[in-house]
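The opening residue of the sequence shown carries number 1 in UniProt numbering; numbering runs sequentially from there. Backbone N, C-alpha and C fix where the C-beta goes; we use that ideal spot for every residue, glycine too.
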Amino acid sequence: MLEEEYQPRRVLPPHLKKAPEPVPTFEYTIRPAEAADLPHIREIYNHYVLNSTVTFDEKPMTLVALRKKFAAVEKLGYPYIVAVSPSGQILGYAYVYPWKEKAAYRFTVENSIYLGPASTGKGLGKVLLGELITRSKAAGVKEIIAVIADKGAEGSVKIHKDFGFKDVGHMGKVGFKFGRWLGTYMMQKSLK
């Protein structure tokens, strides 16, 4: 057959095309974390340990270490929250932890927010940070510090700025992971 003998390909009229499947809504609830959530929280965190520079940890966290940290947060009455899908899957989590151990720092905390890889880019980080701020204020926290990697965490910097965190410093080359030097941005929000 010669090229000029080819007929143009037929196209279905719009009314005969199959409608696209509706995109499922991204549903979740926010609640306090429970001890039973810790294996799932550890799985989310260890994904970032092994695959990113948003945490400077290089070895996966053990369940024993996570239980110890969770118990410390609970004992202080600070918030440790999770986002849970309707099927019960942990989609992300957030908590605050004492900034320093000296007594004078008792009203200042550092926040941490981690999302499961399939939950990023859907606004869940903003929801968790907003809820974390509200619950931290209710717990008597006066200052929240965010320590954010200076490479690979641009979304985190933006979300914190959106919530009124102010830049308070940048430390270059304070961490070494995956064969390269990394720094941190320091941000702070007053809850007074």
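If you ignore the 5 residues before and after Ser52, its C-beta comes within less than 7 angstroms of the C-beta of Gly152, all in its own chain and listed in chain order. With distances taken between CA atoms, Phe176 lies nearest to Val54 out of His47, Glu34, Val54. DSSP, read as helix, strand or coil, puts Pro14 in helix. In the three-state DSSP reduction, Lys161 falls in the helix class (H, G or I). For Ser136, the enclosing alpha helix (DSSP H) has its first and last residue at 124-138. Where Phe176 is concerned, the enclosing beta strand (DSSP E) starts and stops at 166-177.
Distance from the CA atom of Ser156 to the CA atom of Pro13, rounded to whole angstroms, is 45 angstroms. The way I'd put it, the region 139-147 doesn't touch the region 116-128; fewer than three beta-carbon pairs between them come closer than 8 angstroms. Selection Met171, Glu101, Trp99 evaluated against Leu182 yields Met171 as nearest (Cα-Cα). In this structure the region 157-164 does not lie against the region 135-143, because fewer than three pairs of beta carbons, one per stretch, are closer than 8 angstroms.
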